[in-house]
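Chemist: Below is one structure. I have some questions about it.
In the working numbering, the protein residues as written are 979 to 1285.
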């Protein structure tokens, strides 16, 4: 009998607990509803517009630094003068000297802006730093700097009539470029070519089978990752339409470039290849501007005659 009473007591205890839980359910769901419906006011951080700076400098052929200053919506190309920030304050320091900065509009043949500021005369040597600061009352300050690279001069460039075979099995002409890569430092190069005869001028495309090389604007960009500090023979191929051309009319421009120039043009090529291509991962343009967007890079070109 005691066992029967104990079982009854346990059953009644369980029913009472279940009733208690059922009674609490409405309160529980009401509390959850109140929790999720509660509004929390959070002030968003103040939005600071950014400036876009775009400038490349060639201290060999140019003594003036042209600078394009725009808004972020114009980062992929300024269509007209309305996208320019002409009332920005631009400061340039080159080799420790403050350089005069003036305002003007420089456009290409299609009337697309290339620059809206330019400097006075700049004279720099390898190892000097060029610093750009741009400020505007409506934006945060944007700054960027580059160190002028130490130029690498090719020892020789040799024309090779039968330099290789392309992917279609066609014979290709090309060049062997011989140069010494400085050791224990990253070096970056951009090489392009032109054919100049007494009758015509052709800018031709270059290709390289060297690991790590890529094409850009008909030329080749490459870093010294696989040949740091070595005496290099770099072979470049040209279209087979240039077979039987006279070697003395070929000219190559061998440019030593800054790391940021290399990374930017590399990203430009990848970005353009990703447009409207669902099988290629989206690419972003490389920027080296602190407090803003854009690119400032320096190139040091050397004309390399072909033998």
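Cβ atoms here follow ideal geometry from the backbone N, Cα and C, with glycine treated the same way.
Along the chain, where does the beta strand (DSSP E) containing residue 1154 start, and where does it finish?
Modeler: Residue 1154 -> beta strand (DSSP E) spans 1149-1158.
Chemist: Run the CB neighbour count on residue 1170, radius 10 Å, all protein chains shown included, and call it buried at 16 or more, exposed below.
Modeler: Residue 1170 is buried by the Cβ-count criterion.
Chemist: Roughly how far, in whole angstroms, is the beta-carbon of residue 1068 from the beta-carbon of residue 1079, given that I think they are within contact range, below 8 Å?
Modeler: Right, their Cβ atoms sit about 5 Å apart.
Chemist: List the DSSP bridge partners of residue 1091.
Modeler: Answer by DSSP bridge pairing, in chain order: 1085.
Chemist: On the criterion of 16 or more Cβ atoms from any shown chain inside 10 Å, does residue 1082 qualify as buried, or is it exposed?
Modeler: So residue 1082 ends up on the exposed side.
Chemist: Quick check: residue 1210 and residue 1153, are their CB atoms within less than 8 Å of each other?
Modeler: No, the Cβ-Cβ distance between residue 1210 and residue 1153 is not below 8 Å.
Chemist: Would residue 1276 pass as a contact of residue 1232 if the rule is Cβ separation under 8 Å?
Modeler: No, these two residues do not count as a Cβ contact at 8 Å.
Chemist: So the candidates are 1050, 1173, 1203, 1181; which of them puts its Cα closest to the Cα of residue 1269?
Modeler: Nearest option by C-alpha distance: 1050.
Chemist: Which runs of the beta strand (DSSP E) fall wholly inside the segment 1209-1250 and span at least 3 residues, in chain order?
Modeler: Counting only runs of 3 or more, we get 1209-1215, 1228-1235.
Chemist: Are the beta-carbon atoms belonging to residue 1046 and residue 1104 less than 8 Å from one another?
Modeler: No, the Cβ-Cβ distance between residue 1046 and residue 1104 is not below 8 Å.
Chemist: Where does residue 1061 sit, in a helix, a strand or coil, going by DSSP?
Modeler: Residue state, collapsed to three classes: helix.
Chemist: If you run the structure through DSSP and keep just helix, strand and coil, what is residue 987?
Modeler: Low confidence applies to residue 987: its pLDDT is 40, below 50, so where it sits in the model is not reliable enough to give any reading.
Chemist: Considering only the beta carbon of each residue, do residue 1332 and residue 1135 sit closer than 8 Å?
Modeler: Residue 1332 is absent from the model: the chain starts at 979 and stops at 1285.
Chemist: What's the gap between the Cα of residue 1159 and the Cα of residue 1205?
Modeler: If I take the Cα positions, the gap works out to 7 Å.
Chemist: Would you kindly check if the distance between the Cβ of residue 1155 and the Cβ of residue 1109 is under 8 Å?
Modeler: No, Cβ-Cβ distance for residue 1109 and residue 1155 is not below 8 Å.
Chemist: Residues in the same chain with beta-carbon distance under 7 Å from residue 1036, minus the five sequence neighbours each way, listed in chain order, please.
Modeler: The residues are 1277, 1279.
Chemist: Under 8 Å by Cβ, that's how I've got residue 1030 and residue 1272 pegged, so tell me the actual separation to the nearest angstrom.
Modeler: So it is a contact: roughly 4 Å between Cβ atoms.
Chemist: Take the Cβ of residue 1200 as the centre, count every other Cβ of all protein chains shown within 10 Å, and call the residue buried at 16 or more, exposed below.
Modeler: Buried, since its Cβ has 16 or more Cβ neighbours within 10 Å.
Chemist: According to DSSP, residue 1279 sits in a beta bridge with which residue or residues?
Modeler: According to DSSP, residue 1279 bridges with 1233.
Chemist: What is the rounded straight-line gap between the Cα of residue 1246 and the Cα of residue 1111?
Modeler: Going from the Cα of residue 1246 to the Cα of residue 1111 covers about 24 Å.
Chemist: Less than 8 Å between the C-beta atoms of residue 1130 and residue 1107, yes or no?
Modeler: No, these two residues do not count as a Cβ contact at 8 Å.
Chemist: Can you tell me the Cα-Cα spacing of residue 1061 and residue 1032, whole angstroms?
Modeler: If you take the alpha carbons of residue 1061 and residue 1032, they lie about 13 Å apart.
Chemist: Measuring alpha carbon to alpha carbon, tell me which residue in 1042, 1217, 1254, 1038 is nearest residue 1172.
Modeler: Comparing Cα positions, the closest option is 1217.
Chemist: Short of 8 Å in beta carbon distance, which residues of its chain neighbour residue 1215, apart from the five on each side in sequence? Order them along the chain.
Modeler: These residues qualify, in order along the chain: 1141, 1142, 1144, 1150, 1151, 1152, 1184, 1185, 1186, 1187.
Chemist: Rounded to the nearest angstrom, what separates residue 1066 and residue 1190 at their Cα positions?
Modeler: Between residue 1066 and residue 1190, the C-alpha separation is close to 39 Å.
Chemist: Give the straight-line distance between the Cα atoms of residue 1250 and residue 1168, rounded to the nearest whole angstrom.
Modeler: Cα to Cα, residue 1250 sits roughly 18 Å from residue 1168.
Chemist: With a threshold of 7 Å (Cβ to nearest heavy atom), would residue 1150 be considered close to the ligand GDP?
Modeler: Among the components modelled here there is no ligand, and therefore nothing to report on the ligand GDP.
Chemist: Less than 8 Å between the CB atoms is what I'm expecting for residue 1116 and residue 1027, so what's the real figure, rounded?
Modeler: About 6 Å separates the two Cβ atoms, so the contact holds.
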